[in-house]
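Residue numbers (this note's numbering), protein chains in the order written: chain A, 1 to 328; chain B, 329 to 656. All C-beta atoms, glycine included, are put in the ideal place defined by N, C-alpha and C. In what follows, a single structure is set out as structure tokens and then discussed.
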């Protein structure tokens, strides 16, 4: 199997570690040429999961995007959604022909609000059956430690899902398959927004009792959204949906939760951004998902609350009190 | 409203704090006469939630069980299931006539494996419509801190549920109602077993990724059990079910989780019991629930795993590996 991995962050590094357990050839694209030199020299990604020793017999880092993709049958995109279109913009329209594309991204394409796999479908003509997504529950940090983890591979063509899942299955990873591509992607985006809400409520002084209320109501919200947006019989409490939400919301390290907590404590978005040196994925996701939600007939009080707080300049405590009345 | 609260532990103390927000008369029975004297003198329960100041104008502690119950219209039982029958055994069979009984207990009556409300129904002839149960998600410790919490009141008669819910509703508690009495009680019992499983897996070295898999699969298991044992249209992800499971499984203070963790690290049940000076509720619940489960046709791999580990003397790691293959 010839695989391209695009992106140099934690999740890309974790996927490379997992894939290296099998006999594969992995070309690894990242923009940062300095990191590539360090990886070649020290067999470690200097910036992310630096404890992971990389097997350079199987993994070839390269700054040449075209070459990396051209030589591969499977392309795993692990670049933040905000920068994905920009990173790929110079590639010809037919460049992904006959390739399988796997999204490891949790976010919408800006402006168009497209799912990542829909972007490959609409922009590069990749058929839906050749598009896949990876869902958690999976902290990259625990992959580095080889803690046993479950991944869920979503693809409308379950044979393709199975082929890829077998590539991930190893002594510390269990991979299973679902046909719910769009559902898996939307759920993964929504979980970051819920993590923001958990952070905000924590910043406002709420405790674990209330976080449990938020997370359980979020599952109701996610299920209702999915059943309207992409109807399908799905087991919403399997690990790929509920489990993925849980690791994100209960992690002390979640950037979305930390960002939300600062907002809850009264920081402005700008100040939180400067302080944390980044904007959490959920911040952009909130805008995109709210635009999708506005055109639907579904109740999403948690999404609406986070949008009010981040984009509508509503008084925080008042919005929070109103939210409480909508939860069960 | 004249209320009796039976039991002197954390949960009883938390309920008394909540109920004292309203204009009520509360008689509080506990066995420990020394604690009663201290409460009367210092307005604090010396052993549990001792930071809570008790309003003795509304709350009257007493060691006289018969008097406490006789003078009340509503009786809240907050005694561990293992000791409940023993505590009440001297009362005449018609003693609870025309009273509403609220279970704040999470466990089965030993030997008979009856739900607590079923015990009052079968043993004292209290009609099902006068029996209620309180579900979380609610750490008593956060009630002491007045952290905003949600409670769910279950009763087949929703008017009774609503009457009691309005009694609990206050500036830091939101109480809502469901008609699913048996379901709420079974779910509350099963959550302690899941917390044991989380502790065991943690003791064996698993991390947050795997805990998320366990908890999400537990929800599938609980829903399947309930839909067979007590069929009803229920929203399984509302806070009274999913949220209650979450606070229990994600609490560092859960006795079930701590007990499970010691088992996972290789302690025997006896050693864990000596070390922790108690046996977790989930230990007894596992035995009772497994006996119920054996006579049903439902897949409950997590319950079966915990039972294997605690009661069947199976090799721990081997059982754990087998469990992993049954999760999704």
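Residue i: first and last residue of the uninterrupted beta strand (DSSP E) it sits in
| i | result |
| --- | --- |
| residue 389 of chain B | 387-390 |
| residue 429 of chain B | 428-431 |
Beta-bridge partners of residue i, as assigned by DSSP
| i | result |
| --- | --- |
| residue 108 of chain A | A:115 |
| residue 502 of chain B | B:478 |
| residue 463 of chain B | B:480 |
Residue range of the alpha helix (DSSP H) that includes residue i
| i | result |
| --- | --- |
| residue 345 of chain B | 338-347 |
| residue 540 of chain B | 536-557 |
| residue 319 of chain A | 316-324 |
| residue 637 of chain B | 629-639 |
| residue 571 of chain B | Segment: none, residue 571 of chain B is in no alpha helix (DSSP H) and carries neither H nor E. |
| residue 167 of chain A | 158-168 |
| residue 194 of chain A | 181-203 |
| residue 368 of chain B | 361-370 |
| residue 584 of chain B | 583-592 |
| residue 384 of chain B | Note, residue 384 of chain B: premise wrong, no alpha helix (DSSP H); not H, not E. |
| residue 68 of chain A | 65-70 |
| residue 142 of chain A | 140-144 |
Residue i (DSSP reduced to helix, strand or coil)
| i | result |
| --- | --- |
| residue 79 of chain A | coil |
| residue 354 of chain B | strand |
| residue 331 of chain A | Only positions 1 to 328 of chain A appear in the structure, and residue 331 of chain A is not among them; the question remains open. |
| residue 295 of chain B | There is no way to answer for residue 295 of chain B, as the model of chain B reaches only from 329 to 656. |
| residue 280 of chain A | coil |
Partner residues on chain B for residue i, Cβ-Cβ distance less than 8 Å
| i | result |
| --- | --- |
| residue 311 of chain A | Here the premise fails: no neighbours, minimum Cβ distance about 25 Å. |
| residue 142 of chain A | 535, 536 and 537 |
| residue 139 of chain A | 535, 536 and 537 |
| residue 216 of chain A | 465, 565, 566, 567, 569, 570, 571 and 574 |
| residue 57 of chain A | The premise fails here: residue 57 of chain A is roughly 27 Å from chain B at the closest Cβ pair, so nothing lies under 8 Å. |
Other residues of its chain near residue i: CB distance less than 7 Å, five sequence neighbours each side excluded
| i | result |
| --- | --- |
| residue 487 of chain B | none |
| residue 540 of chain B | none |
| residue 173 of chain A | 18, 149 and 151 |
| residue 628 of chain B | 549, 553 and 621 |
| residue 503 of chain B | 479, 481, 493, 496 and 497 |
| residue 410 of chain B | 435, 438 and 612 |
| residue 217 of chain A | 302, 327 and 328 |
| residue 197 of chain A | 214, 260, 302, 305 and 306 |
| residue 16 of chain A | 5, 26, 28, 54 and 59 |
| residue 367 of chain B | 373, 382 and 389 |
| residue 517 of chain B | 434, 435, 436, 613 and 617 |
Residues that residue i contacts on chain B, provided the C-beta gap is smaller than 7 Å
| i | result |
| --- | --- |
| residue 225 of chain A | Neighbours of residue 225 of chain A on chain B: none; closest Cβ ~13 Å, over 7 Å. |
| residue 328 of chain A | 504, 566 and 567 |
| residue 106 of chain A | The contacting residues do not exist; residue 106 of chain A stays about 15 Å from chain B at best. |
Close Cβ partners of residue i (< 6 Å) along its chain, the five nearest in sequence each way excluded
| i | result |
| --- | --- |
| residue 144 of chain A | 49, 51 and 52 |
| residue 262 of chain A | 272 |
| residue 402 of chain B | 331 and 428 |
| residue 69 of chain A | 4 and 75 |
| residue 594 of chain B | none |
| residue 584 of chain B | 520, 523, 524, 608 and 610 |
Neighbour list for residue i in chain B, Cβ cutoff strictly below 9 Å
| i | result |
| --- | --- |
| residue 202 of chain A | None at all; the shortest Cβ gap to chain B is about 11 Å. |
| residue 250 of chain A | 536, 539, 540, 574 and 578 |
| residue 93 of chain A | Within 9 Å Cβ-Cβ: nothing; residue 93 of chain A doesn't reach chain B, min ~38 Å. |
Within chain A, the residues that residue i reaches when beta carbons sit closer than 8 Å
| i | result |
| --- | --- |
| residue 563 of chain B | 220 and 328 |
| residue 560 of chain B | Here the premise fails: no neighbours, minimum Cβ distance about 16 Å. |
| residue 652 of chain B | 148 and 174 |
Chain-ordered chain A contacts of residue i [CB-CB under 7 Å]
| i | result |
| --- | --- |
| residue 475 of chain B | 206, 207, 209 and 210 |
| residue 643 of chain B | Residues of chain A passing the Cβ test: none, with the nearest at roughly 17 Å. |
Contacts around residue i, its chain only, beta-carbon distance under 8 Å, and the 5 residues preceding and following it disregarded
| i | result |
| --- | --- |
| residue 236 of chain A | 219, 222, 223, 226 and 242 |
| residue 350 of chain B | 329, 495 and 498 |
| residue 317 of chain A | 204 |
| residue 24 of chain A | 1, 2, 3, 58 and 167 |
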